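Protein chains: 4
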Amino acid sequence: MSPLDRLTELFRDFPGIGPRQARRFVYFLLAANPNYRRELAKLIETSAADIAQCESCFRYFPKDRQPSPFCRICKDPGRDQTSLMAVERDVDIESIERSGAFKGRYFVLGGTIPLASEEPEKFVRLRELRAAAERPELKEIVLGFSATTEGDHTRLLAEEWLKGVQEKGLRVTVLGRGLSTGSELEYADPETIKAAILGKK
Amino acid sequence: MSPLDRLTELFRDFPGIGPRQARRFVYFLLAANPNYRRELAKLIETSAADIAQCESCFRYFPKDRQPSPFCRICKDPGRDQTSLMAVERDVDIESIERSGAFKGRYFVLGGTIPLASEEPEKFVRLRELRAAAERPELKEIVLGFSATTEGDHTRLLAEEWLKGVQEKGLRVTVLGRGLSTGSELEYADPETIKAAILGKK
Amino acid sequence: MSPLDRLTELFRDFPGIGPRQARRFVYFLLAANPNYRRELAKLIETSAADIAQCESCFRYFPKDRQPSPFCRICKDPGRDQTSLMAVERDVDIESIERSGAFKGRYFVLGGTIPLASEEPEKFVRLRELRAAAERPELKEIVLGFSATTEGDHTRLLAEEWLKGVQEKGLRVTVLGRGLSTGSELEYADPETIKAAILGKK
Amino acid sequence: MSPLDRLTELFRDFPGIGPRQARRFVYFLLAANPNYRRELAKLIETSAADIAQCESCFRYFPKDRQPSPFCRICKDPGRDQTSLMAVERDVDIESIERSGAFKGRYFVLGGTIPLASEEPEKFVRLRELRAAAERPELKEIVLGFSATTEGDHTRLLAEEWLKGVQEKGLRVTVLGRGLSTGSELEYADPETIKAAILGKK
Chain B
76 MSPLDRLTEL
86 FRDFPGIGPR
96 QARRFVYFLL
106 AANPNYRREL
116 AKLIETSAAD
126 IAQCESCFRY
136 FPKDRQPSPF
146 CRICKDPGRD
156 QTSLMAVERD
166 VDIESIERSG
176 AFKGRYFVLG
186 GTIPLASEEP
196 EKFVRLRELR
206 AAAERPELKE
216 IVLGFSATTE
226 GDHTRLLAEE
236 WLKGVQEKGL
246 RVTVLGRGLS
256 TGSELEYADP
266 ETIKAAILGK
276 K
Chain S
76 MSPLDRLTEL
86 FRDFPGIGPR
96 QARRFVYFLL
106 AANPNYRREL
116 AKLIETSAAD
126 IAQCESCFRY
136 FPKDRQPSPF
146 CRICKDPGRD
156 QTSLMAVERD
166 VDIESIERSG
176 AFKGRYFVLG
186 GTIPLASEEP
196 EKFVRLRELR
206 AAAERPELKE
216 IVLGFSATTE
226 GDHTRLLAEE
236 WLKGVQEKGL
246 RVTVLGRGLS
256 TGSELEYADP
266 ETIKAAILGK
276 K
Chain D
76 MSPLDRLTEL
86 FRDFPGIGPR
96 QARRFVYFLL
106 AANPNYRREL
116 AKLIETSAAD
126 IAQCESCFRY
136 FPKDRQPSPF
146 CRICKDPGRD
156 QTSLMAVERD
166 VDIESIERSG
176 AFKGRYFVLG
186 GTIPLASEEP
196 EKFVRLRELR
206 AAAERPELKE
216 IVLGFSATTE
226 GDHTRLLAEE
236 WLKGVQEKGL
246 RVTVLGRGLS
256 TGSELEYADP
266 ETIKAAILGK
276 K
Chain V
76 MSPLDRLTEL
86 FRDFPGIGPR
96 QARRFVYFLL
106 AANPNYRREL
116 AKLIETSAAD
126 IAQCESCFRY
136 FPKDRQPSPF
146 CRICKDPGRD
156 QTSLMAVERD
166 VDIESIERSG
176 AFKGRYFVLG
186 GTIPLASEEP
196 EKFVRLRELR
206 AAAERPELKE
216 IVLGFSATTE
226 GDHTRLLAEE
236 WLKGVQEKGL
246 RVTVLGRGLS
256 TGSELEYADP
266 ETIKAAILGK
276 K
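Respectively, the protein sequence lines represent chains B, S, D and V.
Residue numbering for the first sequence is 76 to 276, as defined by my numbering.
Residue numbering for the second sequence is 76 to 276, as defined by my numbering.
Residue numbering for the third sequence is 76 to 276, as defined by my numbering.
Residue numbering for the fourth sequence is 76 to 276, as defined by my numbering.
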């Protein structure tokens with residue numbers, strides 16, 4: 076296989092990228108400035124070295140001059156230590172932080188659990204979530220998953236894994252459902268309308 | 076103008092229909108069975124005669140053998156008389172009824188209020204809504220409008236019109252916001268995430 | 076069934092209209108001006124009476140004060156009598172006339188032929204097309220069908236039906252393929268590119 | 076700026092990539108296998124070294140063991156030396172080769188020319204195209220540009236630059252227009268219909 080074809084193949088693994096766009100990436104790079112190519116290659120290779128995975132929430136974060144096993148949020152004494160929100164992926168944390176509505180800490184599960192998957196704890200961090208849930212200072216875990224079929228399935232499995240700690244007094248909550256920005260009643264599904272009515276205030 | 080062109084013009088007034096589809100409607104009708112055409116024409120013409128507008132909620136309903144000024148829902152003694160939900164349009168009632176989550180009665184405002192409109196009470200039933208809100212049995216009005224810019228604007232104006240009755244003790248509530256079915260956290264806007272977090276349970 | 080539900084059902088037969096939009100049409104009509112409703116009903120009912128189907132090309136056309144069995148184009152002595160274009164539907168004629176590139180006359184087949192259909196001559200006017208092709212003044216039939224799977228299938232069947240007249244000297248042609256407005260080479264399929272290269276000039 | 080932010084910024088320069096997807100790429104890479112990351116980085120960096128730009132047609136091609144200034148197609152004595160097709164980009168060559176309908180050689184202009192651009196010869200290879208057009212063995216240049224506004228503008232400018240050689244006897248042709256696969260007559264624009272009618276056969 077030619078290097079161009081191999082590079083195309085590697086780009087096809089990028090999220091949301093099909094064969095055609097992978098090819099366009101390759102041609103884009105060939106025509107790009109050598110400095111651009113060099114900087115990109117270097118950052119891709121060294122990203123792993125400059126980036127650490129938080130030992131507490133499992134998200135990736137840039138290493139500081141003073142190395143720490145914990146990310147900026149997990150280290151921050153100003154965050155509410157009694158509340159933990161489990162999310163699917165790192166990017167979700169950025170979305171939630173932008174809303175400014177959550178003051179606790181996070182836990183990155185690593186993805187959603189497909190419906191038919193066996194031993195899901197091998198694919199996402201259900202085991203690690205349960206361990207995190209044992210932290211004595213914790214009073215609540217928010218399951219911050221998407222309102223999709225896979226998100227709901229992930230929530231159900233997470234609730235099962237958390238049953239033990241829940242019985243010891245931990246609150247397990249889920250994000251509120253309702254009309255999201257842009258929803259019109261006419262086109263909303265019954266579940267969303269039901270949630271919107273139950274959540275009226 | 077030829078009858079075909081005039082018919083095309085009339086179909087262009089149908090909601091969501093552009094010139095091309097209007098034209099296809101015309102050709103569809105020309106090729107259709109004469110009985111179909113006749114039944115359609117008759118129903119369009121007599122719909123107004125067979126249909127009444129509820130004097131309480133303003134929605135349209137098919138006239139019964141025993142004529143009544145009120146629709147099926149407004150007449151139903153089993154519905155919660157203390158709760159009224161104002162909606163934009165008749166179709167919204169069908170969506171909400173399908174969810175089975177609301178047991179009160181409805182009020183059809185007749186649309187949303189565009190941002191720059193003057194004297195909005197001439198376009199939608201704000202005056203009638205305030206009158207309905209005066210009913211002594213009523214304890215709560217739910218403003219069941221879309222989570223859109225126009226829906227929010229309509230809600231704000233409705234709240235203003237209801238200020239007087241609200242001060243006399245009527246609860247004015249709005250539908251809950253949050254993740255609607257299919258929402259992914261990554262793509263959700265900050266307002267929706269905020270609502271989802273505040274509404275967690 | 077209530078008149079509203081029946082009317083909704085009739086609108087669902089309109090081309091491209093689903094249950095939801097059919098319902099919106101009904102509510103739109105209920106809220107519409109009675110004059111609008113009356114005119115629409117009248118035009119729908121009388122369209123058949125005011126409209127004739129051309130005995131030569133089978134398209135629908137508004138009846139003149141002086142009744143004629145032929146439409147404006149078929150009657151026009153200025154049109155090229157030696158060339159006939161078979162099209163799927165009446166609307167196609169309007170599109171072609173807008174281009175100003177065809178000076179002959181038309182023949183409306185009445186639709187495309189689905190792939191698995193038996194006895195297609197019962198659904199579209201293949202028999203009538205063959206009869207039209209026998210006209211002595213005719214030198215060419217253009218098969219003006221869409222560049223879709225069904226359009227191609229229709230073309231193949233039409234060619235079979237026209238084999239006899241073709242052997243007697245009638246030219247049977249098809250519309251040119253190539254890049255259509257907006258096509259980018261990168262995204263064009265091999266067949267289109269091939270046609271574009273063969274048709275270069 | 077953190078390395079993550081800088082990497083996101085570099086991915087934003089990729090064709091068709093917005094800020095969100097650029098971010099997802101970064102997180103994808105962080106979670107990826109170190110070997111994957113290493114191979115990707117190496118190929119990005121060395122692509123320029125392993126790849127040469129053809130001195131004849133300007134497309135990129137993988138270097139052979141025996142270095143050559145010309146790509147596989149330009150070197151191939153079996154290709155028609157009298158015909159040259161100018162295309163916008165490298166990827167277009169792949170699309171055209173898949174169609175199997177062109178046997179000549181190519182010339183990569185390097186893009187389309189935006190409508191208002193001054194001195195377009197600084198952005199795309201108009202000067203080099205004219206030089207290539209001077210090759211004595213050449214009889215025809217096909218301007219193989221997209222059927223878009225920018226493609227047409229590029230074609231007009233290329234025709235101007237080629238006027239001199241055209242007067243000396245070189246044929247300058249353009250790709251055929253017409254219905255492209257999937258086009259329906261009803262929705263086709265007048266220009267496309269006109270081309271389809273003129274190109275009937």
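Don't be surprised by glycine CBs; every beta carbon is placed ideally from N, CA and C.
On a predicted model such as this, the values are computed, not experimentally measured, just so you know.
Can you name the residues that DSSP bridges to residue i?
i: S:Val-162; result: S:Val-183 and S:Gly-219
Please report the distance separating the alpha-carbon of residue i from that of residue j.
i: S:Ala-270; j: S:Glu-172; result: 24 Å
i: V:Gly-244; j: V:Asp-227; result: 23 Å
i: S:Ser-358; j: S:Thr-223; result: Any question about residue 358 of chain S goes unanswered here, given that chain S covers just 76 to 276.
i: S:Ile-126; j: S:Glu-203; result: 21 Å
i: S:Pro-189; j: S:Leu-231; result: 12 Å
i: V:Val-166; j: B:Gln-96; result: 10 Å
i: B:Gln-128; j: D:Glu-266; result: 50 Å
i: D:Leu-105; j: S:Ser-258; result: 35 Å
i: D:Pro-144; j: S:Arg-113; result: 24 Å
i: B:Gly-175; j: B:Val-183; result: 18 Å
i: S:Tyr-262; j: B:Ser-170; result: 8 Å
i: D:Ile-148; j: D:Leu-159; result: 11 Å
i: V:Glu-225; j: S:Leu-85; result: 38 Å
i: S:Phe-89; j: D:Tyr-135; result: 23 Å
i: V:Ile-268; j: V:Leu-260; result: 7 Å
Which of helix, strand or coil does DSSP assign to residue i?
i: B:Ile-92; result: coil
i: V:Ala-270; result: helix
i: S:Arg-246; result: strand
i: S:Val-202; result: The amino acid occupying residue 202 of chain S in the given sequence is Arg; Val does not appear at that position. Helix at S:Arg-202.
i: V:Cys-149; result: helix
i: B:Gly-175; result: coil
i: S:Glu-41; result: Nothing in the structure corresponds to residue 41 of chain S, since chain S is present only between 76 and 276.
i: V:Ser-122; result: helix
i: D:Asp-155; result: coil
i: S:Arg-140; result: coil
i: B:Asn-110; result: helix
i: S:Lys-275; result: coil
i: V:Lys-214; result: coil
i: D:Ser-131; result: coil
State the start and end residues of the unbroken beta strand (DSSP E) segment that holds residue i.
i: V:Pro-137; result: 135 to 137
i: D:Ala-127; result: 126 to 128
For residue i, would you say it is in contact with chain D, using Cβ-to-Cβ distances shorter than 7 Å as the test?
i: S:Ile-119; result: yes
i: V:Lys-178; result: no
i: S:Phe-100; result: yes
Can you tell me where the alpha helix (DSSP H) with residue i in it begins and where it stops?
i: B:Thr-256; result: Per DSSP, B:Thr-256 belongs to no alpha helix (DSSP H) and is neither H nor E.
i: D:Asp-264; result: Where D:Asp-264 is concerned, there is no enclosing alpha helix (DSSP H), given that its DSSP letter is neither H nor E.
i: V:Arg-252; result: From DSSP, V:Arg-252 is part of no alpha helix (DSSP H); its letter is neither H nor E.
i: S:Leu-190; result: Taken as a continuous stretch (DSSP letters only), S:Leu-190 belongs to no alpha helix (DSSP H), as it is neither H nor E.
i: D:Arg-230; result: 224 to 236
i: D:Pro-78; result: 78 to 87
With 7 Å as the threshold, decide whether the Cβ of residue i is near any Cβ in chain V.
i: B:Asp-264; result: no
i: B:Arg-87; result: no
i: D:Leu-190; result: no
i: B:Asp-32; result: The structure shown does not extend to residue 32 of chain B, since chain B is modelled only from 76 to 276, so the question has no answer here.
i: B:Arg-147; result: no
Beta-carbon of residue i versus every beta-carbon of chain S: anything under 7 Å?
i: B:Glu-203; result: no
i: D:Asp-139; result: no
i: D:Tyr-181; result: no
i: B:Ser-158; result: no
i: B:Thr-248; result: yes
Any beta carbon from chain B within less than 7 Å of residue i's own beta carbon?
i: V:Asp-167; result: no
i: S:Ala-271; result: yes
i: V:Ala-97; result: no
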